[in-house]
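Counting from 1, position 328 in the sequence shown corresponds to residue 1579 in this note's numbering; the numbering is continuous, with no gaps.
Note that beta-carbon positions come from the ideal geometry of N, C-alpha and C, so glycine has one too.
Note that the structure is a prediction, hence the values are computed from the model and not measured.
Report on one structure; see the data block that follows.
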Amino acid sequence: MRGMFRKHRILPSHLARYWGVPFPLPPRDRSDSGRVRRILHMAVSKLLLLFTFFGRSLCLVPKAKDGSSKIDTVSPDALKAGRKYLLSSFPALKQVGYTILPDTVWRPLVLGEVQSPTSIAVDPLSSRLYVADPPRGVIWWYQLGTGSNGLLQTVGRQRAAVEGFSAHWLAVNGAGDLYFSGHPLPKAGENASVDSVWRLDNEKVVTGDSFNPAEIYTTSNTGQPDSKVFQLSGLAVDSFFIFWGNQAGGKEHGAVNKGTRANIGMSSQDMFVSTLADSVDEVRGITTSGTEVFWLSPEGVYGQSKTTTSKVSDPSAGLISPAISPQWNPMSIAWDGATQLYLTDASAGAIYTVPSLISTTQTLTKFADAPDCHGLAVPSSFNCMPIVTGQLYAESCIPVFAMLWCPLRFC
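The structure is reproduced here in structure tokens:
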């Protein structure tokens, strides 16, 4: 057996001569039948290589029903807009999809094994997508890239950013640190703890340290007797502050609160927590622009300045758009980095948009149908790495050659 493998070993000269085809060459046989076998081996190897290459190339741009390239469905407006992406999660479908603004065509991303993707966040500088999967106690992350046609794709394997936590809301700051609200999964015989605000530094994401996030704000360090962390909902972060909402008890514990970030070099005595608004009991998603903070509640869409010195208690103050129906069930909200807010309405199965102005009342406009939509992210700038054909070819060759290795090994 050892002699057989030594007899069929792959030499560098073989790889260089035969286009890098990873098949061992048959032993030299001077007979006519041996030459025929050798010629057939070379022909089959090269045909398989070409077939794999062109098959993968054709898959780069899927075909529409009319035979046209899928890229043709991207409108000229979307191409001119610099390909800004809107991403949303669909828990019932176990999927995250995206559109290229201002298009409304949904395209899926490959996620792998997820049970219920809920909240999502994007780190635009590192091109990372974070997806909370509470039933599995994991926050997954994926590398994002774009093909030559501008369509978004996940690249490489599925990775765990945080493990052992039931996470419900996500946010990423400009340094790539991941923030989330949630609690550690209870051990056998234990009860689940109350949600807190946690942070996983960018360095830990890079090194794969997924079990040691830092607990930042809890019920015990945000004031007594009415702690600002009560029943956490939406989460947002900027260069200096963390913003969060409470999905219950907002009038007593603060509907929208903010606290200083803990990793920006401030001393403990300079850190503080304050309430921005206590005008409603329930808050859902939260997002921020450069100078304002916006949030959703059953009463409508709200917004106010980040630097408000006194808390707002009037439920009509800061109301950008009231609830559009009695079934109004808003969930997530995101700012597009320019002039628009996008938000999900789970009851209507749709995504709406509204101008990000807090000075006057605005009207919600339906952007797209999105049944069972939940999380939402609209990266203001995206530094996606391009995916070249060679990378995709290399990935596609592995399973094909693995399947064909055995029958061709000793042909």
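Tell me where the beta strand (DSSP E) around residue i begins and ends.
i: T1604; result: 1601-1606
i: E1503; result: Unbroken run through E1503 is the alpha helix (DSSP H), 1501-1504; no beta strand (DSSP E).
i: I1575; result: I1575 -> no beta strand (DSSP E), and no H or E assigned at all.
i: F1481; result: Premise fails: F1481 is in no beta strand (DSSP E) and is neither H nor E.
i: G1496; result: 1492-1497
i: L1592; result: 1591-1596
i: M1522; result: Run containing M1522: none; DSSP gives neither H nor E here.
i: I1467; result: 1465-1468
i: E1414; result: 1403-1414
i: S1556; result: 1551-1556
i: F1618; result: 1616-1620
i: F1462; result: That residue, F1462, is in no beta strand (DSSP E); it is neither H nor E in DSSP.
i: R1512; result: That residue, R1512, is in no beta strand (DSSP E); it is neither H nor E in DSSP.
i: I1371; result: 1371-1374
i: R1450; result: 1447-1451
i: A1585; result: 1581-1586
i: L1547; result: 1543-1548
i: I1537; result: 1537-1539
Would you report the Cα separation of residue i and residue j, rounded to the nearest angstrom?
i: V1691; j: T1604; result: With the chain running from 1252 to 1662 in the structure shown, residue 1691 is simply not present.
i: L1594; j: G1600; result: 11 Å
i: L1483; j: W1495; result: 7 Å
i: W1449; j: T1559; result: 25 Å
i: T1369; j: A1294; result: 50 Å
i: S1490; j: Q1498; result: 25 Å
i: P1385; j: T1611; result: 38 Å
i: C1624; j: E1454; result: 31 Å
i: R1512; j: A1585; result: 21 Å
i: N1442; j: P1435; result: 10 Å
i: W1342; j: M1522; result: This sequence places Pro at residue 1342; Trp is not what is there. The straight-line gap from Cα to Cα measures roughly 37 Å.
i: I1602; j: P1622; result: 9 Å
i: S1478; j: K1509; result: 12 Å
i: S1607; j: A1411; result: 34 Å
i: D1428; j: S1340; result: 21 Å
i: R1551; j: A1597; result: Reading off the sequence, residue 1551 comes out as Gly, not Arg. Roughly 14 Å separates the two Cα atoms.
i: V1356; j: P1577; result: 28 Å
i: Y1468; j: V1524; result: 9 Å
i: G1500; j: S1447; result: 16 Å
i: G1536; j: G1440; result: 32 Å
i: S1204; j: K1438; result: No information on residue 1204 is available, as it lies outside the stretch 1252 to 1662 that the chain covers here.
i: S1432; j: L1298; result: 53 Å
Are there 16 or more other CB atoms within 10 angstroms of the CB of residue i, so buried, or fewer, so exposed?
i: T1473; result: buried
i: G1505; result: buried
i: R1379; result: buried
i: P1581; result: buried
i: N1514; result: exposed
i: A1267; result: Here the model assigns A1267 a pLDDT of 39, short of 50, so the residue's position is not dependable, and the following value carries that caveat. Label assigned to A1267: exposed.
i: L1627; result: buried
i: K1617; result: exposed
i: P1375; result: buried
i: S1399; result: exposed
i: T1458; result: exposed
i: V1629; result: buried
i: S1461; result: buried
i: S1567; result: exposed
i: L1403; result: buried
Give the secondary structure of residue i by DSSP, where H, G and I count as helix, E and B as strand, and everything else as coil.
i: V1456; result: helix
i: H1625; result: coil
i: R1288; result: helix
i: P1201; result: Here the chain covers residues 1252 to 1662 and nothing more, so residue 1201 does not appear.
i: R1387; result: helix
i: R1253; result: Reliability fails at R1253, whose pLDDT of 46 lies under 50, so the model's placement of it is uncertain and no value is given.
i: P1342; result: helix
i: L1298; result: helix
So is the beta-carbon of residue i under 6 Å away from any non-hydrogen atom of the ligand SAM?
i: D1623; result: Looking at this structure, you won't find the ligand SAM or any other ligand, since it has none at all.
I'd like the list of long-range same chain contacts for residue i, defined as Cβ closer than 6 Å, with 5 residues on each side in sequence excluded.
i: S1564; result: D1529, S1530
i: N1424; result: V1488
i: S1548; result: V1531, E1533, V1534
i: G1588; result: S1631
i: A1465; result: R1450
i: G1407; result: Q1394
i: S1319; result: Because S1319 carries a pLDDT of 41, less than 50, the predicted location of this residue cannot be relied on, and no value is offered for it.
i: V1226; result: With the chain represented from 1252 up to 1662, any question about residue 1226 goes unanswered, as that position is not in the structure.
Please work out which residues of its chain come closer than 7 Å, Cβ to Cβ, to residue i, disregarding the five sequence neighbours upstream and downstream, and give them in chain order.
i: A1422; result: A1372, Y1430, L1486, A1487, V1488
i: R1334; result: I1351, G1401
i: Q1555; result: L1527, A1528, E1543, V1544, V1563, G1569, I1609
i: L1291; result: none
i: G1415; result: G1388, P1435, L1436, F1462
For residue i, collect the residues of the same chain with a Cβ closer than 8 Å to its Cβ; drop the 5 residues on either side in sequence, then sort them by chain order.
i: E1364; result: Q1409
i: P1476; result: none
Taking 7 Å as the CB-CB limit, is residue i close to chain C?
i: W1586; result: No chain C appears in this structure, which consists of one protein chain only.
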